[in-house]
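> Just so we're aligned: the sequence shown equals residues 1 to 262 in the UniProt record's numbering. Built from N, CA and C at the ideal position, the CB exists for glycine as well. If you scroll down you'll find the structure; I have some questions about it.
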Amino acid sequence: MTITAIIFIVAALILLAQVPVIGFYIRAVYYGLCLMIGGLVGGIASIPSGKSTNNHFRMFKIFQAMTWPMGIKFEIRNSEILNDEKPYIIIANHQSALDVLGMSYAWPVNCIVMLKSSLRYFPGFNLCAYLCESVYINRFSKEKALKTVDSTLAEIVEKKRKVWIYPEGTRNPEPTLLPFKKGAFILAKQAKIPIVPCVFSTHKYFYNQSELKLTGGRCIIDILPEVDSSKFETVDELSAHCRQIMQAHREKLDNEAANLNR
1 MTITAIIFIV
11 AALILLAQVP
21 VIGFYIRAVY
31 YGLCLMIGGL
41 VGGIASIPSG
51 KSTNNHFRMF
61 KIFQAMTWPM
71 GIKFEIRNSE
81 ILNDEKPYII
91 IANHQSALDV
101 LGMSYAWPVN
111 CIVMLKSSLR
121 YFPGFNLCAY
131 LCESVYINRF
141 SKEKALKTVD
151 STLAEIVEKK
161 RKVWIYPEGT
171 RNPEPTLLPF
181 KKGAFILAKQ
191 AKIPIVPCVF
201 STHKYFYNQS
211 ELKLTGGRCI
221 IDILPEVDSS
231 KFETVDELSA
241 HCRQIMQAHR
251 EKLDNEAANL
261 NR
């Protein structure tokens, strides 16, 4: 294939990406390729460093550079809260696969992420996750999930790890947060560490799967003050409190995002 042919194909794809329905699929496939190729390239580049949470930053830079043409921008607020060296659980609302890009702008040092077990088989991304010491959790087996929680607790205690968890347990594009799973809050109570809520504004202004919409746009990420887990008698009380403050803040950010995406 000649250089002229390659340029022609790329130009044709760029033009087609502007067509509403066709553009959605081109952009969605492109984003998926960024996850795969970015993870693979970042993973290979990280092999000399071995398994380390520091590999996240190398891979995130590659991923951000690859997804730059999509025109999705993230504005992070109160990021200084993430600079605390002590361990904590960071919880975030989960809307779509675009959250992988969003988390890259809000990633703290010495942090691991808890992923659903099916992502273990996602090419490229799985190498990246392995070298970043990510943790997989089986949502469909209570016994295996509890074992994951126990092993993660040991990581927190021994290595002062921070852990990123999506407590809704699945993607949810709706404005109302789903009921939170207990894992993040069990970890916080058992390890006696705080919860740091991270709230993303809605993606609907640039991404809506049902409407086949995927364009450029802006998303706000706000890091809320830490929640002292020791002040709550039960896991359920801690979970309910965190969900309440995140829901209220999500509504506030969504109103701001409406103005940013006009």
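So if DSSP puts residue 200 in a beta bridge, which residue, or which two residues, is it bridged to?
Its beta-bridge partners are 221.
> Should residue 263 be labelled buried (16 or more other beta-carbon atoms within 10 Å of its own) or exposed?
Look at the range of the chain in this structure, 1 to 262, and you will see that residue 263 is not part of it.
> Which ranges would you report for the beta strand (DSSP E) in the region 59-127 if only whole runs of at least 3 residues count?
Those beta strand (DSSP E) runs which fall completely within the region 59-127 and span 3+ residues are 72-77, 89-92 and 111-116.
> Could you check if residue 33 is buried or exposed, using at least 16 other CB atoms within 10 Å of its CB as the buried criterion?
Flag for residue 33 reads exposed.
> With distances taken Cα to Cα, identify the nearest neighbour of residue 51 among 128, 78 and 25.
If we check each option's Cα against that of residue 51, 128 comes out closest.
> Under 6 Å Cβ to Cβ from residue 94, same chain only, skipping five residues before and after it: list those, please.
If we look at residue 94 and ignore the five residues flanking it on each side, its Cβ neighbours are 166, 168 and 171.
> Determine the DSSP secondary structure at residue 137, reduced to helix, strand or coil.
Here residue 137 sits in strand by DSSP.
> Out of 45, 20 and 202, which has the shortest C-alpha to C-alpha gap to residue 102?
Among 45, 20 and 202, the Cα nearest to that of residue 102 is on 202.
> Check the DSSP bridge columns for residue 207 and list the partner residues they point to.
Residue 207 pairs with 214.
> Thinking just about the alpha-carbon of each residue, which of 246, 174, 180 and 113 is nearest to the one in residue 96?
With distances taken between Cα atoms, residue 96 lies closest to 174.
> Count the other CB atoms, across all protein chains shown, that sit within 10 Å of the CB of residue 68; report buried if there are 16 or more and exposed otherwise.
The residue in question, residue 68, is exposed, as its Cβ has fewer than 16 Cβ neighbours within 10 Å.
> Can you give me the C-alpha to C-alpha distance between residue 10 and residue 26, rounded to a whole angstrom?
At residue 10 the pLDDT is 48, less than 50, meaning the model places this residue with poor confidence and gives no usable figure here.
> Can you give the Cα-Cα distance for residue 186 and residue 204, rounded to whole angstroms?
The alpha-carbon atoms of residue 186 and residue 204 are separated by roughly 32 Å.
> What residue range does the alpha helix (DSSP H) around residue 252 cover?
From DSSP, the alpha helix (DSSP H) with residue 252 extends over 235-260.
> So residue 98 and residue 207 are supposed to be a Cβ contact under 8 Å. How far apart are they, rounded?
Right, the Cβ-Cβ distance comes to about 6 Å (below 8 Å), so this counts as a contact.
> Skipping 5 residues on each side, what residues in its chain have a beta carbon closer than 6 Å to that of residue 196?
Cβ within range, chain order: 88, 90 and 226.
> For a quick check, are the C-beta atoms of residue 221 and residue 74 less than 9 Å apart?
Yes, the Cβ-Cβ distance between residue 221 and residue 74 is below 9 Å.
> Give the single residue among 230, 109 and 84 whose Cα lies nearest to the Cα of residue 56.
When each option's Cα is compared against that of residue 56, the closest is 109.
> Which of the three DSSP states, helix, strand or coil, is assigned to residue 193?
Coil, per DSSP.
> Report the residue from 218, 36, 211 and 190 whose alpha carbon sits nearest the alpha carbon of residue 122.
Checking every option, the nearest Cα to that of residue 122 belongs to 36.
> With H, G and I counted as helix, E and B as strand and the rest as coil, what does DSSP make of residue 159?
Three-state result, residue 159: helix.
> What are the boundary residues of the alpha helix (DSSP H) that residue 46 is part of?
Its alpha helix (DSSP H) spans residues 20-46.
> Please report the straight-line C-alpha distance between residue 164 and residue 246, rounded to a whole angstrom.
Answer to the nearest angstrom: the Cα atoms are 15 Å apart.
> Quick check on residue 54: buried or exposed, where buried means 16 or more other Cβ atoms within 10 Å of its Cβ?
Exposed, by the Cβ-count rule.
> Can you give the Cα-Cα distance for residue 176 and residue 251, rounded to whole angstroms?
Going by the C-alpha atoms only, they are around 9 Å apart.
> With residue 113 and residue 134 assumed to form a contact (beta carbons below 8 Å), what rounded beta-carbon distance in angstroms separates them?
Contact holds; Cβ gap of about 5 Å.
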